[in-house]
Every structure is written in C-alpha cells, then in structure tokens.
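A short worksheet on the structure shown next.
There are 2 protein chains.
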Amino acid sequence: MTNLILTTLDWVPDFPRGFVRDLRIRWALEEADLPYEVATTPVGDAEARLPFQPFGQVPWLTDGDVTIFETGAILMYLGEHSTVLMPTDRPGRTKVMEWLFAALNSVEMPAVPWSLYRWADDETQSPGRAHLERFLHGRLDHMEVVLARRDWLAGPFSISDIAMADVLRQLQDYGVFAERPACRDYVARATARPAFKKAFADQMAHFEAADAERAARSE
Amino acid sequence: MTNLILTTLDWVPDFPRGFVRDLRIRWALEEADLPYEVATTPVGDAEARLPFQPFGQVPWLTDGDVTIFETGAILMYLGEHSTVLMPTDRPGRTKVMEWLFAALNSVEMPAVPWSLYRWADDETQSPGRAHLERFLHGRLDHMEVVLARRDWLAGPFSISDIAMADVLRQLQDYGVFAERPACRDYVARATARPAFKKAFADQMAHFEAADAERAARSE
Numbered sequence: 268m269t270n271l272i273l274t275t276l277d278w279v280p281d282f283p284r285g286f287v288r289d290l291r292i293r294w295a296l297e298e299a300d301l302p303y304e305v306a307t308t309p310v311g312d313a314e315a316r317l318p319f320q321p322f323g324q325v326p327w328l329t330d331g332d333v334t335i336f337e338t339g340a341i342l343m344y345l346g347e348h349s350t351v352l353m354p355t356d357r358p359g360r361t362k363v364m365e366w367l368f369a370a371l372n373s374v375e376m377p378a379v380p381w382s383l384y385r386w387a388d389d390e391t392q393s394p395g396r397a398h399l400e401r402f403l404h405g406r407l408d409h410m411e412v413v414l415a416r417r418d419w420l421a422g423p424f425s426i427s428d429i430a431m432a433d434v435l436r437q438l439q440d441y442g443v444f445a446e447r448p449a450c451r452d453y454v455a456r457a458t459a460r461p462a463f464k465k466a467f468a469d470q471m472a473h474f475e476a477a478d479a480e481r482a483a484r485s486e
Numbered sequence: 268m269t270n271l272i273l274t275t276l277d278w279v280p281d282f283p284r285g286f287v288r289d290l291r292i293r294w295a296l297e298e299a300d301l302p303y304e305v306a307t308t309p310v311g312d313a314e315a316r317l318p319f320q321p322f323g324q325v326p327w328l329t330d331g332d333v334t335i336f337e338t339g340a341i342l343m344y345l346g347e348h349s350t351v352l353m354p355t356d357r358p359g360r361t362k363v364m365e366w367l368f369a370a371l372n373s374v375e376m377p378a379v380p381w382s383l384y385r386w387a388d389d390e391t392q393s394p395g396r397a398h399l400e401r402f403l404h405g406r407l408d409h410m411e412v413v414l415a416r417r418d419w420l421a422g423p424f425s426i427s428d429i430a431m432a433d434v435l436r437q438l439q440d441y442g443v444f445a446e447r448p449a450c451r452d453y454v455a456r457a458t459a460r461p462a463f464k465k466a467f468a469d470q471m472a473h474f475e476a477a478d479a480e481r482a483a484r485s486e
C-alpha cells in the first residue's frame, strides 16, 4: 500500500458524531498501525461524492490509484494487507468473512432500520413494525448465545469484530442489552481497545476542529 | 474444492419459494459450472441448524472440512475459486467486493425491512416509516443512475451481480421500478441468464418434491 487517504465529511451536527462510518476504517487502520491521512468532502454536496461513492456517502479509502467504497469492502481490503486484522490461512480467513458479512447483512440489516424509529421517537405500533422488532430481537438473541462463548467472533480479534462491535454499539443506548450481558460486555471489551479509543477521539476531534473553523469564518 | 454440499430447508410454504437464500448460491454454482449436492435441514428445527448457522437460518456450504455460512461469505468463497465469478487481478477483485457489500449492506439493508411492511399489508404511516421509505427510495434512485450506465456492476458479470440482482428482484412486484427502467432492465437481464433459470427451477423443483413426499407420507 502507498499513502492511504481516508475521506470523510467536513462537518456533521452533534448527533451522528462518534458514529460516522469512517470510524470503522480509522479503527482498523489504528489496529494495524497503518499511517493514513484524512481528507474531507463537503457535507452538503452529495453530488460531488458520486464519482467516489455511488450513494453519495462516506467514507472511501484511496490507496494510490485505487479508491474503495463500502466500509465492508474497505475492511476486507485492509484485512488482506495486515495479518493483525485477518489471518492469512484459508480457514481463519473464511471465519472472518462469515462474521464480517454476519455483522453487516444479518445484524446491521434490522439494526439500522429499527434505529430510524428510535431516532424519530416513533412509538407507532403496526404489524410491519412488529415484524421489524422480532427481526432485530431474534438476531440479538442469537448473538447473545454466540458471544457468551467467546471473546472475539473469529478466534483472534479481526475486522469482523470491528464491524460487529460497531453495529452493536449503536444500539447500546436503547436498552436492548439490559438482558443480554454478553452483547453488552462484548461492546465494552471492543471499545476498551486502544485502537478504538484513538479512532473515536480522532473522529470527535475532526468535527470539533470543523466547528472551530466554522466559528472563525462566521466572525 | 472437494464435493460441494449446499444445505437448505427441507420444505417451505409457497410464499418464499423462489426467494430462499440458497438461490444465490445455486446461481453462483451454475455460473461457475461447479457440481454440487443439496442437503436439507428440517424447516421447524432452527436449533439443529445453530452449529452450522448461528442465526438458525439457511443456507450453508460444505467443502470438505470447511462449512461456510452467510451468503455473502459463500459468494466470496466461490468467487475465489472461479474466475467466472470474480476476476483475480486486484483492481477487478476490489470492484467486485465493493459492489457485493453495496448489495448486501447498502441496498438490502433497507429493502428487507421495507418488504416486511409489504408482506404484512401494513399501510400505517409514521415518522419512522417515512425515514425507512426515504432510505429505500434514495438507494434505488442511486442504483438507477449506476445501472443506466452499465450492464453489470463491476465490469464483467460477477458475484456482485448475483447479490444485487437478487436483492432488487425481491422488490420488483411492489411497483418501485415503474419509474426506474434501468433497475427493471438489470433484473430482467440477470434473470434471463441460463444459470439463474436453472437455479430458480431447481429450487422450485426441490420444494415441489418435498410437497409430493409430504403428501405420500400423509396418505
């Protein structure tokens, strides 16, 4: 790899800070001790992002001539360049792939839509909503069984834990772990890692610097 | 690879037939012309599936000593064993990974929860539901722009098209493609492939054979 550049938004309001998806990539880069720079794209100009990210979102990672979007794909890309993030033997690698997809396609799939209702303080009950509730809680019940038996999903800590822990972390303020201690402890274990702490602090500092710049410009 | 065994449910009611996730794997196996056998797990016994699939679902793929769950991970595994499903050069492979994760984490994430409401004939409107509607339609609008410019997502047909076309196919009866002809044509193009037709027919035949067996047993 050459000079890695991680592109994220130049500014966001307080609410999503600490949860912008560049966090997953910062975390992986810190775990692997890979140096990188941060570039920004204007929050209000989704059109400008389309050549790099077809949904107008962040993040994307640039490695010389290559630009990669989708956090799952970026995590795989970094995993292939660092034995700290993913083992190189086929069985170990296969386990990491399983759990990476499990995080993003089996657990995050109900988690994000379910969270949309929470963010909206929407208490409206309906048959479709009941299906969505069961979908999320079913997945969390299964994760509770899995996490009661192991520290990390695929043996040693890997990119699959970065994805799963960050997916679960986004639910932790909504009371879903009150009776799921293994999920709660897993999130605590993952977010206690120095690489997570550094990544989180760096994301917060990035947006605080943007606040300061905005304030200076408006004076 | 050795003898590939794809495990799916022994029987399902009419409604999900043609949409059980083993279809994505059958499709990939047919595209790659890889021989495989089908094994079954009793539909009513999710507990029995947990050693192979931590959410109690199907499918999983067995390749000798290795068992793989999550359709995304199985598609990657097969892609790494067949140049028909994924190119071997790094830039080509990276594009396939991006679009595979885009299908499963950016498009299927709103598509399945949104479909839960349709399946339930649930017309209840609420703020959270409005967010979910915007989430899905925003992603489809972006896919329309992408698909208006290319036949397949990552250059040649690949596992990313199997995932994306199957995600979009599940929405096609709900009117969302009336003003999105590129999405509609992409699904038509993908499902016209002989490998899809074979996979689809095989899944339907699998469950029809199960009906016949049930009928014979109850006589």
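Quick mapping for you: the protein sequence lines, in order, are chains Y and P.
Residue numbers 268 to 486, in the working numbering, belong to the letters of the first sequence in order.
Residue numbers 268 to 486, in the working numbering, belong to the letters of the second sequence in order.
C-beta atoms are modelled at their ideal positions from N, C-alpha and C, and glycine is treated no differently.
These numbers come from a predicted model, not from an experiment.
**Request:** Just the C-alpha distance for Arg-456 (chain Y) and Ser-425 (chain Y), rounded to the nearest angstrom, thanks.
**Result:** 13 Å
Q. Considering only C-alpha positions, which residue in the set P:Phe-286, P:Leu-420, P:Pro-283, P:Leu-296 is nearest to Pro-461 (chain P)?
A. P:Leu-296
* Asked: What is the DSSP secondary structure of Met-304 (chain Y), counted as helix, strand or coil?
  -> First, the amino acid is wrong: residue 304 (chain Y) is Glu here, not Met. Here Glu-304 (chain Y) sits in strand by DSSP.
Anything in chain P within Cβ reach of Asp-389 (chain Y), meaning under 8 Å, just list it in chain order. Ser-393, Pro-394, Gly-395, Arg-396
field: For Asp-440 (chain Y), the first and last residue of its enclosing beta strand (DSSP E)
entry: Careful: Asp-440 (chain Y) lies outside any beta strand (DSSP E) and carries neither H nor E.
DSSP on Phe-336 (chain P), reduced to helix/strand/coil?
-> strand
By the three-class DSSP mapping on this structure, what secondary structure does Asp-388 (chain Y) have?
coil
Applying a beta-carbon distance threshold of less than 9 Å, which residues of chain P neighbour Glu-337 (chain Y)? Met-364, Glu-365, Trp-366, Leu-367, Phe-368, Ala-369, Asn-372, Ser-373
Whole-Å CB distance - Pro-326 (chain P) paired with Asp-289 (chain P), under 8 Å assumed: 4 Å
(message) I want to verify the contact list: residues of chain P whose CB lies under 9 Å from the CB of His-409 (chain Y), in sequence order.
(response) Leu-317, Pro-321, Phe-322, Gly-323
Going by other Cβ atoms of all chains shown within 10 Å of its Cβ, with 16 needed for buried, is Thr-257 (chain P) buried or exposed?
The shown model of chain P, from 268 to 486, leaves out residue 257 (chain P), and the question about it has no answer.
Straight-line Cα distance separating Leu-301 (chain P) from Asp-433 (chain Y)
36 Å
Cutoff 7 Å; reference Ser-373 (chain P); Cβ partners in own chain excluding five residues on either side: Arg-406
* Of the residues P:Leu-352, P:Pro-318, P:Thr-334, the one placed nearest Ala-421 (chain P), counting alpha carbons only -> P:Leu-352
Given a threshold of 16 other Cβ atoms within 10 Å of its Cβ, counted over all protein chains shown, does Thr-386 (chain P) qualify as buried or as exposed?
-> Reading off the sequence shown, one finds Trp at residue 386 (chain P), where the question assumed Thr. Exposed: under 16 other Cβ atoms inside 10 Å.
Does DSSP classify Trp-327 (chain Y) as helix, strand or coil? strand
#### Entry: Closest Cα partner of Val-305 (chain Y) within the set Y:Glu-365, Y:Glu-486, Y:Thr-329
Y:Thr-329
Listed by chain order, chain Y residues near Thr-361 (chain P) by CB distance under 8 Å: Val-333, Ile-335, Ala-340, Tyr-344
* Would you call the region 383–400 of chain P and the region 389–409 of chain Y in contact, with 3 or more CB pairs under 8 Å? -> yes
Below-8 Å beta-carbon distance, Met-431 (chain Y) vs any chain P residue | no
| query | Do you know offhand how far Glu-400 (chain Y)'s Cα is from Ser-382 (chain Y)'s? | reply | 10 Å
Val-310 (chain Y) to Glu-486 (chain Y), Cα distance in whole Å? 21 Å
Report task. State the Cα-Cα distance for the pair Cys-450 (chain Y) and Leu-317 (chain Y), rounded to the nearest angstrom. Result -> 36 Å
Note down, in chain order, every chain Y residue with its Cβ under 7 Å from the Cβ of Arg-417 (chain P).
Ordered by position in chain Y, no residue passes the 7 Å Cβ test against Arg-417 (chain P), which lies about 11 Å from the chain.
Notebook entry, point to check: Under the three-state reduction of DSSP, which class applies to Leu-271 (chain Y): helix, strand or coil?
Noted result: strand
Let me check one thing: in DSSP terms, what residues is Leu-276 (chain P) bridge-paired to? P:Thr-308
Own chain residues within Cβ distance below 7 Å of Asp-469 (chain P), not counting five before or after
Arg-293
- Quick one: does Pro-377 (chain P) have its CB under 8 Å from some CB of chain Y? yes
Subject >> Of the listed residues Y:Ala-415, Y:Ala-299, Y:Met-376, Y:Gly-323, nearest to Thr-274 (chain Y) (C-alpha basis) >> reply: Y:Gly-323
Problem set entry | Distance, Pro-380 (chain Y) Cα to Thr-334 (chain Y) Cα | 28 Å
Start-end ranges of the alpha helix (DSSP H) lying completely within the region 382–426 of chain P, minimum 4 residues = 394–414
Sort Y:Glu-314, Y:Ile-341, Y:Ala-299, Y:Thr-338 by Cα distance to Ser-349 (chain Y) and report the nearest one. Y:Ala-299
Exercise for review: Answer with yes or no whether the minimum CB distance from Leu-399 (chain P) to chain Y is below 8 Å.
Suggested key: yes
Exercise for the section: Can you tell me which of the three DSSP states His-348 (chain Y) falls into? Expected result: coil
Per DSSP, what kind of secondary structure is Phe-474 (chain P) in: helix, strand or coil?
helix
- Message: I want to see whether chain Y comes within less than 8 Å of Tyr-384 (chain P), judged by CB atoms only; does it?
- Response: yes
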